[in-house]
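Undergrad:
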Amino acid sequence: MGCANSSSQRMPVPPSQMHPPPSSSPPPSADHPLSVPDKMIMGTKPLPAYTSSSSPDMLPPPPPPPLEDYSPESPTCGYGIGFTDQYKLGETLGTGNFSVVREALHKPSGQRYAIKCIKKGGLSNDELEALTTEVAVLKQMKHPNIMILHDFFSEPDYYYLVTEYMDGGELFDRVVEKSYYSEREARDLVKLLLEAIKYCHECNVVHRDLKPENLLLTSKMDDASIKLADFGFAKRVDMHDEGLKTACGTPGYVAPEILESRPYGKSVDIWSIGVITYILLCGYPPFNDDNHHALFRKIKQGQFEFDAPYWDAISDDAKHFIGQMLVVDNKLRY
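Start counting at 1 in the sequence shown, then tack on 12, and there's your number in my numbering.
(1) State the start and end residues of the unbroken beta strand (DSSP E) segment that holds residue 124.
(2) Please list, in chain order, all residues of the same chain as residue 235 whose beta carbon is under 8 Å from its beta carbon, the five residues on each side excluded.
(3) In this structure, what does DSSP give as the bridge partners for residue 346?
(4) Terminal residues of the continuous beta strand (DSSP E) containing residue 102?
(5) Using a Cβ-Cβ cut-off of 7 Å (strictly less than) and excluding sequence neighbours within five positions of residue 170, which residues of its own chain qualify?
(6) Could you spell out where the beta strand (DSSP E) holding residue 237 opens and where it closes?
(7) Who are residue 319's beta bridge partners in DSSP?
(8) Tell me which same chain residues have a C-beta within less than 6 Å of the C-beta of residue 160, skipping the five on either side of it?
(9) Is it buried or exposed for residue 157, if we count other Cβ within 10 angstroms and need 16 for buried?
(10) Just tell me which of 184, 221, 278 has its CA closest to the CA of residue 238.
(11) So what does residue 165 bridge to, in DSSP terms?
(12) With 16 other CB atoms within 10 Å as the buried threshold, where does residue 254 fall?
(13) Per DSSP, residue 158 forms a beta bridge with which residues?
(14) Quick check on this structure: which residue in 290, 243, 289, 277 has the alpha carbon closest to the alpha carbon of residue 150?
(15) Three-state secondary structure (DSSP) at residue 304?
(16) Express the C-alpha separation of residue 205 and residue 112 in angstroms, rounding to a whole number.
(17) Grab the span of the beta strand (DSSP E) containing residue 292 for me, first residue to last.
(18) How would you write the range of the alpha helix (DSSP H) that residue 208 sits in, first residue to last?
(19) Which whole-angstrom value is the C-beta distance of residue 246 and residue 146, which I expect to be below 8 Å?
(20) For residue 114, which beta-bridge partners are listed by DSSP?
(21) Report all residues from its chain with a CB closer than 6 Å to the CB of residue 103; omit the five preceding and five following residues, and keep chain order.
(22) State buried or exposed for residue 137, treating a residue as buried only when at least 16 other CB atoms are found within 10 Å of its CB.
(23) Starting from residue 183, trace the beta strand (DSSP E) in both directions and tell me its first and last residue.
(24) Could you spell out where the beta strand (DSSP E) holding residue 227 opens and where it closes?
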């Protein structure tokens with residue numbers, strides 16, 4: 013594998029790139045349209061669209077309401093109005109494609125929150141739809157291992173998502189710090205992740221962007237207690253489970269059926285959990301290549317190994333567990 017070298021030192025997982033550098037390939041034309049992998053490499057996304065199942069009786073779920081139409085709900089406070097009257101913004105915690113996450117103090121209670129700040133003027137139609145979906149899905153989610161949306165504000169220049177403050181930071185940073193997890197630590201963490209995804213799937217929601225950067229640790233002292241965050245690519249599916257076609261996700265974690273433009277559903281999340289579990293146990297990803305076309309080819313072929321000496325001390329049960337999730341045929345994946 014490209015991620016293993018001749019030394020005995022483990023290689024930490026490289027940073028994920030939601031929008032990799034543009035390809036040197038010629039621009040697309042009517043005769044040579046972009047493939048799904050090309051779209052991901054060039055950082056372009058097709059418009060998010062729901063594709064219903066083959067059954068003519070199945071209709072897609074209704075779209076979420078416009079962001080300005082949300083009304084006050086308990087236990088939120090001051091829903092949609094007066095953000096600066098209630099919150100004082102602090103240090104920047106992270107940046108995204110079209111947002112900045114900042115720490116904030118809730119003035120009435122003195123409680124800390126994480127605020128996702130999105131500038132309205134810079135949003136494309138795709139990004140606005142992703143934000144609308146994220147707010148709608150997070151309002152629906154009620155699970156101990158899923159980040160809580162406490163409040164939402166639509167101000168003249170910004171949208172603000174008020175979420176719980178997670179003191180432990182991203183799982184990505186913890187893996188880099190630790191190099192790798194023990195089997196016991198990985199088991200405890202993955203169990204919580206599976207419970208969160210099981211809940212999402214029972215709510216007919218596919219996350220579509222599971223990766224260590226989107227798993228937040230509740231404490232600096234606890235390596236396993238996580239909460240699932242960032243539902244910007246989340247989508248609802250119908251009961252037949254295989255109605256999505258939009259190419260989205262993060263290179264290295266995306267399932268093969270997405271790269272092959274096949275209809276897909278909840279099983280893409282299972283694939284991503286397989287990648288995350290692999291990373292936890294050895295410190296590097298199962299699919300890795302500096303060339304994105306080569307990377308996607310490895311993913312589509314399910315081409316990965318349990319390299320010696322990094323995997324020698326890891327149990328066969330753990331390897332089997334990962335292998336069952338990294339199955340190219342999504343009907344056999346579990």
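C-beta atoms are modelled at their ideal positions from N, C-alpha and C, and glycine is treated no differently.
TA: Reading off the structure:
(1) Note, residue 124: beta strand (DSSP E), 124 to 131.
(2) Closer than 8 Å at the Cβ level, and outside the excluded window around residue 235, lie 186, 190, 193, 197, 201, 229.
(3) DSSP output for residue 346 lists no bridge partner at all.
(4) Where residue 102 is concerned, the enclosing beta strand (DSSP E) stretches over 99 to 107.
(5) Within the same chain, and ignoring the five residues on either side of residue 170 in sequence, the residues whose Cβ sits closer than 7 Å to its Cβ are 129, 130, 131, 132.
(6) Following the DSSP letters along the chain, one finds residue 237 in no beta strand (DSSP E), marked with neither H nor E.
(7) Paired residues: none, contrary to the question.
(8) For residue 160, where only same-chain residues beyond five positions count, the Cβ hits under 6 Å are 176.
(9) Buried is the call here.
(10) The alpha carbon of residue 238 has as its nearest neighbour, out of 184, 221, 278, the alpha carbon of 184.
(11) Looking at the DSSP output, residue 165 bridges to 172.
(12) The residue is buried, with at least 16 neighbouring Cβ atoms inside 10 Å.
(13) In DSSP, residue 158 forms a bridge with 240.
(14) That would be 243, whose Cα lies nearest to the Cα of residue 150.
(15) In the three-state scheme derived from DSSP, where H, G and I count as helix and E and B as strand, residue 304 is classed as helix.
(16) Residue 112 and residue 205 have their C-alpha atoms roughly 25 Å apart.
(17) Looking at the DSSP string, residue 292 is not in any beta strand (DSSP E); the run it does join, the alpha helix (DSSP H), is 279 to 294.
(18) Residues 195 to 214.
(19) Contact flag correct, Cβ pair sits at about 7 Å.
(20) Per DSSP, 104, 127.
(21) Here residue 103 has 115 as same chain residues with Cβ atoms under 6 Å from its own Cβ, once five neighbours each way along the sequence are excluded.
(22) So residue 137 counts as exposed.
(23) It is not in any beta strand (DSSP E) - residue 183 instead sits in the alpha helix (DSSP H) that spans 183 to 190.
(24) Residue 227 -> beta strand (DSSP E) spans 227 to 229.
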